[in-house]
Amino acid sequence: AATDSARSALAGYRAAAAWPTAPRPVAADDLLPERALAGDGEARRILRHAAYGALVRASGELLETLDAFLSHGGALEATARALFVHPNTVRYRLRRVADVTGFAPLLPRDAFTLRIALALGRLEPGSHGEQFTKP
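In the working numbering, the protein residues as written are -2 to 132.
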């Protein structure tokens, strides 16, 4: 446990330069996307499982809605049109994404983290959801 904590802290220290406006001090867990981009396997695993995997397990609608929301630059109305749903449905689903993952898509920093998590989840070999499905 202490070794993992030290490893995370060191990875966070290395990745901190990628987020120059981060509050200081910044926790290693707040740097998960930067750590993942820098090649930290533990950060990649956390994002894949805690965010992408949680969305796959929760419902395809949440993953589809988040993907559309991010693809439409965070525009609720455009997302609703693309999904053929009411904007309030998009808002509800985005709140569910936040509940399921702990990252709120309406907050720019969390949206960035979720975008990285989606990419990592999709890049994992065979990660079209099968290893993340409910038992």
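Beta carbons are placed, not taken as given, at the ideal position from N, Cα and C, and that holds for glycine.
All figures in this text were calculated on a predicted structure; none of them were measured in a lab.
Grab me the residues of residue i's own chain with a C-beta within less than 7 angstroms of its C-beta, minus the 5 sequence neighbours each way, in chain order.
i, result
"residue 58", "90"
Exposed or buried, residue i, counting other C-beta atoms within 10 Å across all chains shown (16 or more means buried)?
i, result
"residue 102", "buried"
"residue 104", "exposed"
"residue 130", "Its pLDDT being 44, under 50, residue 130 is placed unreliably in this model, and the coordinates cannot settle the point."
"residue 50", "buried"
Let me make sure I understand the geometry here. Which of the options has the alpha-carbon closest to that of residue i?
i, options, result
"residue 113", "85, 22 and 28", "28"
"residue 141", "4, 109, 111 and 98", "It is not possible to answer for residue 141, since the shown part of the chain is limited to -2 through 132."
"residue 62", "76, 72, 70 and 51", "76"
"residue 4", "93, 15 and 39", "39"
"residue 70", "109, 50 and 35", "109"
Near residue i, which residues of its chain fall below 8 angstroms by C-beta distance, leaving aside the five closest residues on each side in sequence?
i, result
"residue 22", "none"
"residue 45", "114, 117, 118, 121 and 124"
"residue 74", "84"
Tell me, to the nearest whole angstrom, how far the beta carbon of residue i is from that of residue j; I am working on the premise that it is less than 8 angstroms.
i, j, result
"residue 65", "residue 80", "6 angstroms"
"residue 60", "residue 52", "5 angstroms"
Go through its chain and collect everything with a Cβ distance to residue i's Cβ below 6 angstroms, but skip five positions before and after it.
i, result
"residue 107", "100 and 101"
Segments of 4+ residues assigned as alpha helix (DSSP H) that fall wholly inside the segment 79 to 124: 84 to 98 and 105 to 120
Inside the segment 37 to 72 only - alpha helix (DSSP H) runs reaching at least 4 residues: 38 to 44, 51 to 55 and 57 to 68
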